[in-house]
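S.K.:
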Amino acid sequence: MSAPDPRLRKITRSKPGQHPWLAVESVLAFILVVLAAVHSIHFVLPHEILDTILTAQMAGRLELASAAVTLVIAIAICALIAERLKIQSVMQDELRLRQDTDLVSGAATRGCFLDDLKRAVADHRKRGSVALVIIDVDHLKQINDALGHGAGDDVLGFCTRIARQAFPGARVGRLGGDELAVFIRSDETIPERYVTEACSTFLATLREGLFIANRRQAVSASLGVALAPAHSDNANELLSFADLALQEAKRGGRGAWSVFSPEILADARQERFIERELRAAILLGQLSLHYQPIMDADGALNSLEALVRWQNPVRGVISPAEFIPIAEKSRLIHELGLYVLKQVCDDLETLPNVPVNVNISAWQLAHDTFLKDYVGVLTRTNVSPDRIVLEITESAMLDTSDDFIERMDAIKSAGFRIALDDFGMGYSEFNQLRKLPFDIIKIDKSYIQNIGTDVVTDTFVSAVTQIACKMERTVVAEGVETEDDRVRASVAGCRLFQGYYHQAPASRADIVALYCAKALADVA
Ligand code: C2E
Ligand code: MG
Ligand code: MG
């Protein structure tokens, strides 16, 4: 899209019907009518009267003058009418342009872009090709939240401009909130390499960033590429393939591109299968729980962690590591969380009398009904919130924004305790450790199993335990598999221990047999 015609700004400001030249045209038309009237006096008045008023010479001159003025005015009116028609057509073009252009980004609107894409794919079905790239601007929400919606709009406009530079001749459209798309068409086959090189150029230029409030803001995006007819000769399918490639790019770490491949499609089908089956398993109550003990320094049971287990009739045992990330992509994770909590509450009566840790996903905290729903389960099952610790896995979702801290404070005010799970996996910073109101910090097993083998691990673990000690928080060592792990974790300052060394996750019945019997024996 080229820059709007400067004349348009002038024109579009005046309302239709109030055109400034309308008055000029009217005056000219009026003069024309007067002249015509004067001219027609010949035919109206009898010759005798005319001859007494005008001499023959005067009449001749008057006629000549009036014919000349009439001609000039007629030309002027024609010119004005031509100009008006020209302006009207420019206005119509502008109106069409406005309807087809997203005013925030300057890209084509979704509807217009998709129509053009469909047409291009159909045109190039027999000869040539189309390359489609879906662009997802990373962290646009955070930019909007931190710098205001104006900044978010600027970023979208910037991305559109850079897309036009990096993909010359391409059509750029806005598909939705933070999603743009680009398609290139050619009568030749577009080489995949050409598209991926353009993707690299696009990302590199985005990284240079734009100025917002006098500060340079780097921008990153994830890109998904699909080619027609190589991947599909149907525009809708091409879109969904590019979208799958985009999801793949996001999974591999943002700020990257990915080209569609049949393997991606197989993975997506597998994901859809798991999502469908998991939904059914939740409805039919086919998920079960295992519990893993968390021990104190004296080897006594401190608490239990509830871990969901799924035995699928077709696929057999499916690990939470496989289905939790899929559930996290939809509201399913919240339904699963409520299912687990309800099961834990039902089990509490028979379990050893210690708190039970329940895993929640940071995505769940974004649900407005999260706390209400969780408290609702406790109320219905008559369980006190101090029996439950909510374990939030460290993730990119954990931020130190006021909104997030408020949500966590509300959870604590409701009586729950909160643990930061898998700390050290790479998302959290010490800053988050200080700012977010966690009661318990669980150090990830990758650190615990390497204590004493490298300096970075040792420094990290002792720094965490020192901060925790100062802030009166408890540190749990996860993945304690050997006596050595336990001793080293203890020396590094951990006070609680969880891992196969003490006990692998086990069914409720096994835990009851192991720990309730032990408690009875201890009393005896
Ligand atoms: P997590 O919460 O960090 O749970 C600990 C994981 O480590 C469990 O894997 C457990 O079986 C395993 N583990 C325990 N001790 C050891 C050890 O000594 N060595 C090793 N190598 N592993 C050990 P699991 O049960 O496969 O769960 C994996 C993850 O899935 C959990 O990690 C948690 O993030 C997630 N998850 C499990 N249940 C739920 C749930 O109900 N809701 C949510 N949102 N996530 C869950
Ligand atoms: Mg956990
Ligand atoms: Mg963990």
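For the sequence shown, my numbering begins at 25 and goes up steadily by one. Cβ atoms here follow ideal geometry from the backbone N, Cα and C, with glycine treated the same way. On a predicted model such as this, the values are computed, not experimentally measured, just so you know.
1. Please look up how many angstroms separate the CB atoms of Gly176 and Ile167, rounded, as I've assumed it's under 8 Å.
2. At what residues does the alpha helix (DSSP H) containing Ile214 begin and finish?
3. Measuring only from the beta carbon, is Leu360 closer than 7 Å to any heavy atom that is part of ligand 1?
4. The alpha helix (DSSP H) spanning Lys396 covers which residue range?
5. Within its chain, find whatever has a CB closer than 7 Å to the CB of Val283; leave out the 5 residues flanking it on each side and keep chain order.
6. Can you give me the start and stop residues for the beta strand (DSSP E) that Ser246 sits inside?
7. What residue range does the alpha helix (DSSP H) around Phe265 cover?
8. To the nearest whole angstrom, what separates the beta carbons of Gly448 and Asp468, a pair I think is in contact under 8 Å?
9. Does the beta-carbon of His255 have 16 or more other beta-carbons within 10 angstroms, so that it is buried, or is it exposed?
10. What residues come near ligand 3, if near means a beta carbon less than 6 Å from any of its heavy atoms?
11. Cα-Cα, which of Pro409, Asp423, Phe454 is closest to Lys436?
12. Give a yes or no on whether the C-beta atoms belonging to Leu372 and Val380 are separated by under 8 Å.
13. Hey, could you find the ends of the beta strand (DSSP E) Gln522 is sitting in?
14. With three or more beta-carbon pairs closer than 8 Å as the criterion, would you say the segment 307-320 touches the segment 522-530?
15. Closest to Ala581 by CA distance: which of Ala190, Asn383, Asn258, Leu109 is it?
16. By the DSSP assignment, the beta strand (DSSP E) with His314 in it spans what residues?
17. For Val58, does the count of other Cβ atoms within 10 angstroms reach 16, so buried, or fall short, so exposed?
18. Would Lys459 and Asp445 be called neighbours here (beta carbons separated by less than 8 Å)?
19. Ala516 and Val485 look like a contact to me (Cβ under 8 Å); what is the Cβ gap, rounded to whole Å?
20. Mapping the DSSP letters down to three states, classify Asp445 as helix, strand or coil.
21. Take the Cβ of Cys493 as the centre, count every other Cβ of all protein chains shown within 10 Å, and call the residue buried at 16 or more, exposed below.
22. Straight-line CA distance for Ala305 to Phe347?
23. Just grab the DSSP bridge partners of Ser417 for me.
24. Between the segment 417-436 and the segment 334-343, are three or more C-beta pairs nearer than 8 Å?
25. Quick check on the DSSP output: the beta strand (DSSP E) that includes Ser153 runs from which residue to which?
26. So, for Ala503: in the same chain, excluding its five sequence neighbours on each side, which residues have a beta-carbon less than 7 Å away from its beta-carbon?
27. Please report the straight-line C-alpha distance between Ala245 and Leu156, rounded to a whole angstrom.
28. For the alpha helix (DSSP H) that Lys469 lies in, which residues bound it at each end?
29. May I have the straight-line CA-CA distance separating Ile298 from Ser531, to the nearest angstrom?
30. Which residues does DSSP list as the beta-bridge partners of Ser531?
31. In the DSSP assignment, what residue or residues form a beta bridge with Arg209?
32. Using only the heavy atoms of ligand 1, determine whether one of them is closer than 7 Å to the beta carbon of Glu346.
33. Opposite Arg195 in the DSSP bridges: which residues?
34. Do the segment 127-146 and the segment 195-204 make contact, defined as three or more Cβ pairs closer than 8 Å?
35. Just the Cα atoms here: how many angstroms apart are Thr403 and Leu302?
M.R.: In short, the structure shows the following:
1. 5 Å
2. Following the DSSP letters along the chain, one finds Ile214 in no alpha helix (DSSP H), marked with neither H nor E.
3. yes
4. 394-405
5. Glu216, Thr220, Val249, Ala269
6. 245-252
7. Judged by DSSP secondary structure, Phe265 falls within the alpha helix (DSSP H) whose first and last residues are 259-275.
8. 5 Å
9. His255 should be labelled buried.
10. Asp445, Asp446, Lys466, Glu502
11. Pro409
12. yes
13. Careful: Gln522 lies outside any beta strand (DSSP E) and carries neither H nor E.
14. yes
15. Since the first and last residues shown for the chain are 25 and 548, residue 581 lies out of range.
16. 311-320
17. Exposed, because fewer than 16 other Cβ atoms sit within 10 Å of the Cβ of Val58.
18. Lys459 places its beta carbon 8 Å or farther from that of Asp445.
19. 4 Å
20. Shown here, Asp445 sits in a strand according to DSSP, grouped into three states.
21. exposed
22. If I take the Cα positions, the gap works out to 12 Å.
23. One detail in the question is off: residue 417 reads as Thr in this sequence, not Ser. Asp445, per the DSSP bridge assignment.
24. no
25. Ser153 -> beta strand (DSSP E) spans 153-161.
26. It should be pointed out that residue 503 corresponds to Gly in this sequence rather than to Ala. Closer than 7 Å at the Cβ level, and outside the excluded window around Gly503, lie Lys469, Ile472, Gln473, Gly523.
27. 15 Å
28. 469-472
29. Looking at the two C-alpha atoms, the distance is approximately 24 Å.
30. His314
31. Val154
32. Result no, Cβ not under 7 Å from ligand 1.
33. Phe207
34. Taking 8 Å as the limit for Cβ pairs, the verdict is that the segment 195-204 does touch the segment 127-146.
35. 26 Å
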